[in-house]
Amino acid sequence: MGAQELPREYRAGKRKTTPTLIIMVCMTALLLIPTWTIAFPLWLKLLVTVAVPLFVAAVAAVLPRTGTVVDRTGIRIQGPLRTHQLAWADIQDIRTERLPAEAEGKDWMPNVISYVYLSDGRRKLLIHVNDLHTDLDQEIGVLRSAWSELRDRPVPLS
Numbered sequence: 371m372g373a374q375e376l377p378r379e380y381r382a383g384k385r386k387t388t389p390t391l392i393i394m395v396c397m398t399a400l401l402l403i404p405t406w407t408i409a410f411p412l413w414l415k416l417l418v419t420v421a422v423p424l425f426v427a428a429v430a431a432v433l434p435r436t437g438t439v440v441d442r443t444g445i446r447i448q449g450p451l452r453t454h455q456l457a458w459a460d461i462q463d464i465r466t467e468r469l470p471a472e473a474e475g476k477d478w479m480p481n482v483i484s485y486v487y488l489s490d491g492r493r494k495l496l497i498h499v500n501d502l503h504t505d506l507d508q509e510i511g512v513l514r515s516a517w518s519e520l521r522d523r524p525v526p527l528s
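Quick note on numbering: the sequence shown equals residues 371 to 528 in the working numbering.
Structure below.
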């Protein structure tokens, strides 16, 4: 286990994103119907009619792109707005944390999530590296093994 198991990619699969998008489209329809049937000013009706579908389209475009990619150069965390590239040498630790008890028992939420701790004291959430999307114990073992193997090596030139 370790660097030979890289690259690894963690993303929400279609079976997770499709229901989310279907629910968002239904909620959009449920929001737009009252917008046009209740006596709102025309400018507000037009604003909501344009803004809400644009928001749903933006989420639909961004959701499949978010995730965590791990390779021999480090960890790349692709969020909805930013991508963080972390070199193995900058990483202090990789840990899992249990979410508060309020989250337990909900099928759509993970119970345990993972973070990478950086040398400067900050921590970053590893998107989709959780017990909902992966076998977390195995994946954290692979990541820690790769980190211990690669953290002291110079970053290869591309």
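Virtual Cβ for every residue (Gly too), placed ideally from N, Cα, C. Everything numeric in this text was worked out from a predicted model, so none of it was measured.
Under the criterion of beta carbons closer than 8 Å, residue 497 and residue 447 qualify as touching, at roughly 6 Å.
Apart from sequence neighbours up to five positions away, the residues of its chain that approach residue 419 with a beta-carbon distance below 8 Å are 402, 405 and 406, ordered along the chain. Shortest Cα-Cα distance from residue 398 to any of 452, 411 and 430 involves 430.
Per DSSP, the beta-bridge partners of residue 484 are 466.
When 433, 504 and 460 are compared, the shortest CA-CA separation from residue 518 is found for 460. Apart from sequence neighbours up to five positions away, the residues of its chain that approach residue 375 with a beta-carbon distance below 6 Å are 512, ordered along the chain. Across the set 434, 464, 480 and 463, the C-alpha of 480 shows the shortest separation from the C-alpha of residue 470. Collapsing the DSSP output to three states places residue 441 in a strand. DSSP places residue 453 in the uninterrupted beta strand (DSSP E) bounded by 453 to 457.
In this structure, residue 433 sits away from residue 444, with a CB-CB distance that is not shorter than 7 Å. In this structure, residue 506 lies near residue 482, with their beta-carbon atoms less than 7 Å apart. DSSP places residue 520 in the helix class (H, G or I) of the three-state scheme.
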